[in-house]
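Chains as they are written, first to last, in UniProt numbering: chain A, 1 to 654; chain B, 1 to 654.
First up is the structure itself, then whatever we jot down about it.
So, in structure tokens, the structure goes:
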């Protein structure tokens, strides 16, 4: 960002006003009083979002030949029970029994401790050090309304800082302990709070007229991709590795959303599931990105209560073992490149590693791309190595194999347990359940077979439960035999591991608004949204100098050329001054303006204005449109794209 | 469609097999046993859908400069109560109390009467007349499993035919009467059914942690557009007429979905709300479409129990008053053009007008674009003139004005009721409710003010209820005065009418599959999906003649050119024969194949194959790719696009 852009301090209020005035977004159901956590995108927000998605599709799906799918949002209970969401997709909430208020526990602890630290600084007379960001936080967070200048013991300051550095890693009971230990109460009344209880964040509904099939709105798009694994692998001609991808809405019933577009109950996600051989997590294109330099916040730094960033290349990060493997590293670098392309400020982007107590037990490694905003650092993209967890749990629950079968380069001799089923006896014994029992037995892992073999040898029978069959099942050696045998195998079977880059599009969009919003130093009321041309909602504003009908043929001609080149544009032939018309479009993030004047009628020349610098050049309609096309879609800079055009400075229109 | 395409009779079974084998779509949660009415789109289905949406966006949104918005699916109860969905968005269902089976009443009546008519024909020995379509129906509909050859009285045959022609127009009690009168029972058991009861089709959920805010998944995208009307009008610089548009998922909790992709519980919609002056429903571009010829099924024909189509131009249809107005007519013609562009067979497309008893009381006129499939004629696009209904009900409920204010060309003198409020007294009397009471009073229509004026004059006070205030409100002349006054007005205020074209994308997609699926007469096992190049999932299959590494440089070169031109392609370098590789891609709807052989290595020439005709031409890489681009994106035919290339027939690869 050039110096001029940061001369005027950032104001979230101004940004919010611009975004609402220009209808980038608005609270949903506003004329009904609104519903917190639900927002509608107006025309410029919707177009910006569509362009971000289009760029995402090209950057990831087309570039890597991913298999895009579109799966349903309605999801039956059983699927999300298996995935772990029914039990674990929850936040901890504290109730104030007296007022009925409900707080999200981790946010409450964070805010109260932060406000006490701030009060401590004031009391120590170091208030001047308080950052602008904190000023802004005070405004947003209505829970803690007043900062009291109270000095804390030095040891407590250190404890608070340590807790805040790890705030994402605490369990509900741990949060309860902190609330008790530090006497955290309802910030507005000082009244006591109940201990944290879990609240599942999924929206529940009933599918079908009988109301008996319980379902949820999906909390992520991933499960649909996992469940279709076999079909995807077949579609890919059984080739590994490969990735599927999905773009669509997901839902979280947030406890108390109040951070605008950053914490919403319905949001657009773009998710990739890259399926990879667990024994080979290299990536064919890793070398292409290995020199990309990134800022990391690894787990050991956080666990030491620190926050300073480590800058190194992704090649170094993988080589040192800090990032677990090359495929994970490849995606981290590609995420970085995507974010920069659509307008993220690289100075306000870091990759934070999940701490051990924060990461799911099955995950091999996990990094979040976090963007710095006036709300602090915000998780916008997750990139996790989920190992074989997802495919394994669904396979175990459904007894369907979700595996890859690969011819071995040469046969190998293995010792393994094999199960031998007396199929003919199953029908008479189990009737309609025969198939399910067989399927269950055949789906057992080597480990489980070893246990069953022992049970069969010891007691002459095995007993087990099959889902959907109420009774315990008992089989003796007449029905089943399990033995360790030596086999020559030509095929290797394995459950792929999954690397999952997962994008919260709305959060990225809001962060870009903050990163690219500034006010012109010569007039602070004139703000600009410097969205990159590639993703800007509209690329060109067409401005006839006056409403004189003589100019109309040129307006039509320019429109026709822009339409033919598929460049989105708007005409503003209102009676407002040219300066006012441009000012409006600076707020809309429109990167280019074309002025049509009386010279244009004579010689078909027009003026092109660049939004950020307000520089202007003059040229023929064809040359100007070519320059716009090159800068917008072909990666040229303004200087490159306009090198052959004439600078135009005589007639300032600002 | 050429004759060769219809030589082999259409088979829905073959189509279903191809669509599933090639993963166009699959039942969602299949490894969990599936959930009826929920489907996932695999890679080719997802790409086809994305291309249809892209074409829709260009054909409607860009062409007409519509304002696209993206509103939430979660919708609070109050909004859908006002819109009428809570009370009326329902189907009628009949329960068999003995077996617990649930039937959708209108579908049940339709199927039972149809099967009786068929049995009657068999009994009369005219079974030969039975159409192929009916054969297919028998297979699908599992409710009526057996057709009994029973002759009906002639009068009853006539009654049945008359009922079936109007089947979409019956209310629940009317369906109940039919069930009783014609003794319709559970088709599988013959057991009695309960009378039809209403079942609301919205999925219900609770928003927020307290569970107190009841909400639904939206049944359509329209409400979000209506609620944002004021913001959209402002964004459009107050200019009328204008349209908003939205693309997104909607939900219907179908009673018993079993028509595959045609009746699903979660579906993609694309909806336009065109806001227009009720006194002027002309359309600036009507003349552009006036000569488009369409097939109509108007209401009077249906009400007479008939089904023959009337063919005329949209210009004639509007002039004769059959279609209510030019804006409605314009959109009907544009819908036709869109559907043809993406692959609908014009011979299997009709516009059916809603009958009087079928249409909402407020609607001025309504036409459905129906596509003929093996399931019969299917409603795929609705196009309704909804008058001022939606904006009026939301304005009345929220007391927010949703109107247009337009300067009058010259001032007019009007007599009107005006209300005068003693604001100062409202605060003390109503406290926090003062604003709501004022707002309610100011939102009254002229008609309502006339009544209130009378009440005030007669009794010296008015009493009324304001939503969200529990008590009845009473005001006397100290608080409010209402009088008829004469004013000179410079501004006209009106509530716009809404013309609403509403597209069910999934139904359109499935109908196109049926319209474009055929088998090669020379080998019925080889089926082809003739998707238009513009919307086909992949445009080109790249086929090296053999796996000889010598061919690789040419494959790379062609890939690079296709990538640069953004033409989606796939490489198939498997060891299958060229014929097999093309056969697979015929099923995927890939319109072009490029063969790379040893000549290519020498002179850079390649062969281009067209899917439907299997014609081939030869030329340089650049010329071939240019031909593909022209045919796919620039409306050229095969003959036009390949005019300069050399026919290639010596070496048959089929």
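From the three backbone atoms N, C-alpha and C, an ideal C-beta is built for every residue, glycine too.
Here the structure is a predicted model, which means the values were calculated and not measured.
* Asked: Just to check, is the beta-carbon of residue 167 (chain B) closer than 7 Å to a non-hydrogen atom of the ligand NAD?
  -> The ligand content of the structure shown is nil, which means the ligand NAD is not present either.
* **Range of the contiguous beta strand (DSSP E) that encloses residue 91 (chain A)** => On the first chain, residue 91 (chain A) is found 91 positions in, with the first residue counted as 1. Going by DSSP, residue 91 (chain A) is part of the beta strand (DSSP E) stretching over 90 to 95.
* Asked: Roughly how many angstroms lie between the CA atoms of residue 103 (chain B) and residue 264 (chain B), to the nearest whole one?
  -> If you number the second chain from 1, residue 103 (chain B) lands on position 103. If you number the second chain from 1, residue 264 (chain B) lands on position 264. Near 16 Å, if we compare the C-alpha coordinates of residue 264 (chain B) and residue 103 (chain B).
* Is residue 230 (chain B) helix, strand or coil when you go by DSSP? -> For the purposes of this step, residue 230 (chain B) is identified with residue 230 of the second chain, where counting begins at 1. In this structure, residue 230 (chain B) counts as helix in the three-state DSSP scheme.
* In this structure, what does DSSP give as the bridge partners for residue 214 (chain B)? -> Position 214 of the second chain holds residue 214 (chain B). Here residue 214 (chain B) is bridged, per DSSP, to B:206.
* Over what stretch of residues does the beta strand (DSSP E) that includes residue 593 (chain B) continue unbroken? -> Position 593 of the second chain holds residue 593 (chain B). Counting along the chain, residue 593 (chain B) sits inside the beta strand (DSSP E) bounded by residues 592 to 596.
* Asked: Under a three-way DSSP split, which group does residue 629 (chain B) fall into?
  -> Numbered from 1 along the second chain, position 629 holds the residue referred to as residue 629 (chain B). The DSSP-derived three-state label of residue 629 (chain B) is helix.
* Asked: Hey, residue 290 (chain B) and residue 311 (chain B): beta-carbon distance below 8 Å or not?
  -> Here residue 290 (chain B) refers to the residue found at position 290 of the second chain. Here residue 311 (chain B) refers to the residue found at position 311 of the second chain. No, Cβ-Cβ distance for residue 290 (chain B) and residue 311 (chain B) is not below 8 Å.
* Under 9 Å from the C-beta of residue 394 (chain B): neighbouring residues of chain A -> Counting from one through the second chain, the residue named residue 394 (chain B) turns up at place 394. Neighbours of residue 394 (chain B) on chain A, chain order: 31, 32.
* Asked: Of all the CB atoms in chain B, is at least one closer than 8 Å to the CB of residue 597 (chain A)?
  -> Along the first chain, one-based indexing puts residue 597 (chain A) at 597. At a cut-off of 8 Å between beta carbons, residue 597 (chain A) makes no contact with chain B.
* What residues of chain B sit near residue 93 (chain A), judged by a beta carbon separation below 9 Å? -> Reading the first chain from its first residue, position 93 is the one you call residue 93 (chain A). Chain B residues near residue 93 (chain A): 209.
* Would you mind telling me which residues of chain B sit closer than 8 Å to residue 42 (chain A), beta carbon to beta carbon, in chain order? => Within the first chain, residue 42 (chain A) is the residue found at index 42, counting from 1. Near residue 42 (chain A) (Cβ distances below 8 Å), the residues of chain B are 67, 69, 228, 231, 232, 235.
* By Cβ distance, which residues of its chain are closer than 6 Å to residue 141 (chain B), with the 5 residues on each side in sequence left out? -> Position 141 of the second chain, counted from the start, is the residue given in the question as residue 141 (chain B). Unreliable positioning characterises residue 141 (chain B) in this predicted model, as indicated by a pLDDT of 48, which lies under 50. The coordinate reading is nonetheless provided below. Excluding sequence neighbours, residue 141 (chain B) sits near 111.
* Where residue 224 (chain A) meets chain B, residues with beta-carbon distance less than 8 Å -> Translated into the one-based positions of the first chain, residue 224 (chain A) becomes position 224. Residues of chain B passing the Cβ test: 28, 40.
* Asked: To which residues of the same chain is residue 253 (chain B) closer than 7 Å at the C-beta, ignoring the five residues directly before and after it?
  -> In the second chain, the residue the question calls residue 253 (chain B) occupies position 253. Apart from sequence neighbours up to five positions away, the residues of its chain that approach residue 253 (chain B) with a beta-carbon distance below 7 Å are 201, 202, 203, 265, ordered along the chain.
* Asked: Are the C-beta atoms of residue 23 (chain B) and some chain A residue less than 8 Å apart?
  -> Walking along the second chain from the start, residue 23 (chain B) turns up at place 23. The Cβ of residue 23 (chain B) sits closer than 8 Å to at least one Cβ of chain A.
* Which residue from A:512, A:375, A:330 puts its Cα closest to that of residue 284 (chain A)? -> Stepping through the first chain from its first residue, residue 284 (chain A) is reached at position 284. Nearest Cα to residue 284 (chain A) within the set A:512, A:375, A:330: A:330.
* To do: Let me know the secondary structure DSSP gives residue 476 (chain A) once reduced to three states.
  => Along the first chain, one-based indexing puts residue 476 (chain A) at 476. Correct three-state label for residue 476 (chain A): strand.
* In chain order, which continuous runs of the alpha helix (DSSP H) of length 4 or greater are located wholly inside the region 239 to 290 of chain B? -> Fully enclosed alpha helix (DSSP H) runs of 4 or longer: 286 to 289.
* Exposed or buried, which one is residue 622 (chain B) when buried takes at least 16 other CB atoms within 10 Å? -> The residue given as residue 622 (chain B) occupies position 622 in the second chain. With fewer than 16 other Cβ atoms within 10 Å, it is exposed.
* Alpha-carbon to alpha-carbon, residue 510 (chain A) and residue 444 (chain B) -> The sequence position of residue 444 (chain B) within the second chain is 444, counting from 1. The sequence position of residue 510 (chain A) within the first chain is 510, counting from 1. The straight-line gap separating the alpha-carbon atoms of residue 444 (chain B) and residue 510 (chain A) is approximately 40 Å.
* Thinking C-beta only, is residue 607 (chain B) closer than 8 Å to residue 569 (chain B)? -> On the second chain, residue 569 (chain B) is found 569 positions in, with the first residue counted as 1. On the second chain, residue 607 (chain B) is found 607 positions in, with the first residue counted as 1. Not closer than 8 Å, so no.
* **Segments assigned beta strand (DSSP E), at least 3 residues, entirely inside the region 53 to 125 of chain A** => Runs found: 74 to 76, 90 to 95, 102 to 104.
* Asked: Of all Cβ atoms in chain A, is any one closer than 8 Å to the Cβ of residue 628 (chain B)?
  -> Numbered from 1 along the second chain, position 628 holds the residue referred to as residue 628 (chain B). Residue 628 (chain B) does not count as touching chain A.
* Asked: Between the region 395 to 404 of chain A and the region 229 to 245 of chain A, do at least 3 Cβ pairs fall closer than 8 Å?
  -> With the cut-off at 8 Å, the region 395 to 404 of chain A and the region 229 to 245 of chain A touch.
* **Rounded C-alpha distance that separates residue 275 (chain A) from residue 589 (chain A)** => Within the first chain, residue 275 (chain A) is the residue found at index 275, counting from 1. Within the first chain, residue 589 (chain A) is the residue found at index 589, counting from 1. Spanning the two alpha carbons is a distance of roughly 38 Å.
* Return the chain-ordered ranges of every alpha helix (DSSP H) run that is complete within the region 280 to 349 of chain A and spans a minimum of 4 residues. => Correct list: 286 to 289, 299 to 303, 314 to 319, 326 to 341.
* Pick out whichever of B:155, B:196, B:189 has its Cα sitting closest to the Cα of residue 175 (chain B). => As a working mapping, residue 175 (chain B) is identified with position 175 in the second chain. For residue 175 (chain B), the nearest C-alpha among the options comes from B:196.
* To do: Would you kindly check if the distance between the Cβ of residue 381 (chain A) and the Cβ of residue 503 (chain A) is under 8 Å?
  => Sequence index remark: in the first chain, residue 503 (chain A) carries index 503 (1-based). Sequence index remark: in the first chain, residue 381 (chain A) carries index 381 (1-based). Closer than 8 Å, so yes.
* To the nearest angstrom, report how far apart residue 471 (chain B) and residue 483 (chain B) are at their CA atoms. => Residue mapping note: residue 471 (chain B) aligns to position 471 of the second chain, counting from 1. Residue mapping note: residue 483 (chain B) aligns to position 483 of the second chain, counting from 1. Computed Cα separation, rounded: 26 Å.
* Asked: Which chain B residues sit within Cβ distance under 8 Å of residue 338 (chain A)?
  -> In the first chain, residue 338 (chain A) corresponds to position 338, counting from 1. Residues of chain B whose Cβ lies closer than 8 Å to the Cβ of residue 338 (chain A) do not exist; the shortest such Cβ separation is about 18 Å.
* Asked: Should residue 545 (chain B) and residue 596 (chain B) be called a contact, given that it needs their Cβ atoms to be closer than 8 Å?
  -> Taking the second chain and counting its residues from 1, one reaches residue 545 (chain B) at position 545. Taking the second chain and counting its residues from 1, one reaches residue 596 (chain B) at position 596. Cβ distance < 8 Å, so residue 545 (chain B) and residue 596 (chain B) count as in contact.
* Contacting residues, own chain, Cβ-Cβ under 7 Å from residue 124 (chain A) (five flanking each side not counted) -> As a first step, residue 124 (chain A) is located in the first chain; it is residue number 124 there, counting from the start. So the list reads 151, once near-sequence residues are dropped.
* Is residue 375 (chain A) helix, strand or coil by DSSP? -> In the first chain, counting from the first residue as 1, residue 375 (chain A) sits at position 375. For residue 375 (chain A), the three-state secondary structure derived from DSSP is coil.
* Return helix, strand or coil for residue 553 (chain B), following the three-state DSSP convention. => Residue mapping note: residue 553 (chain B) aligns to position 553 of the second chain, counting from 1. Helix at residue 553 (chain B).
* Cutoff 8 Å: residue 52 (chain A) Cβ touching any chain B Cβ -> Within the first chain, the letter at position 52 stands for residue 52 (chain A). It does not: the Cβ of residue 52 (chain A) has no partner Cβ on chain B nearer than 8 Å.
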